[in-house]
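Reading through the structure tokens given below for one structure.
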Amino acid sequence: MAATTAALKRNRAARNRLQAARARHDRQDWQMDRRKRTRQLIELGGLVKKAGIVEITGDDRTLIFGALLWIADRLEGDQGEHARKVWRDWGRAAFEIEAKEKAGK
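Using the working numbering, read the sequence shown as starting at 2 and increasing by one per residue.
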């Protein structure tokens, strides 16, 4: 009987360790996803700042949000592919100019 009780305790302890390991793993996955999302949001905010949108709008969040909605509407419209090409070219050119300016310093 004592051997059975000891085996039962070992089994419970092993099960608890497994559950704890799974919980840690799930938390780590959640933390990694959260960090990725946070990094993405910071990078997007940096692009808004880099484009001068914050200064131009006086940091008017409703104006910025409205402009972003307008961009989304344009991209989903019938001229979306054209807008993507034009805006991607402008962005690429701006990044290249910035890289040249940094290299020249």
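Beta carbons: idealized from backbone N, C-alpha and C, even for Gly.
Reference residue i, options the options, closest by Cα
i: LEU48; options: PHE96, LYS101, ALA4; result: PHE96
Residue span of the alpha helix (DSSP H) that contains residue i, given as start and end
i: ASP30; result: 3-51
i: GLY59; result: It is not in any alpha helix (DSSP H) - GLY59 carries neither H nor E in the DSSP assignment.
i: GLY105; result: 81-105
Contact under 8 Å by Cβ, residue i with residue j
i: LEU76; j: ALA68; result: no
i: ILE54; j: ILE65; result: yes
Cutoff 8 Å: residue i Cβ touching any chain D Cβ
i: ASP60; result: The structure shown contains no chain D; it is built from a single protein chain.
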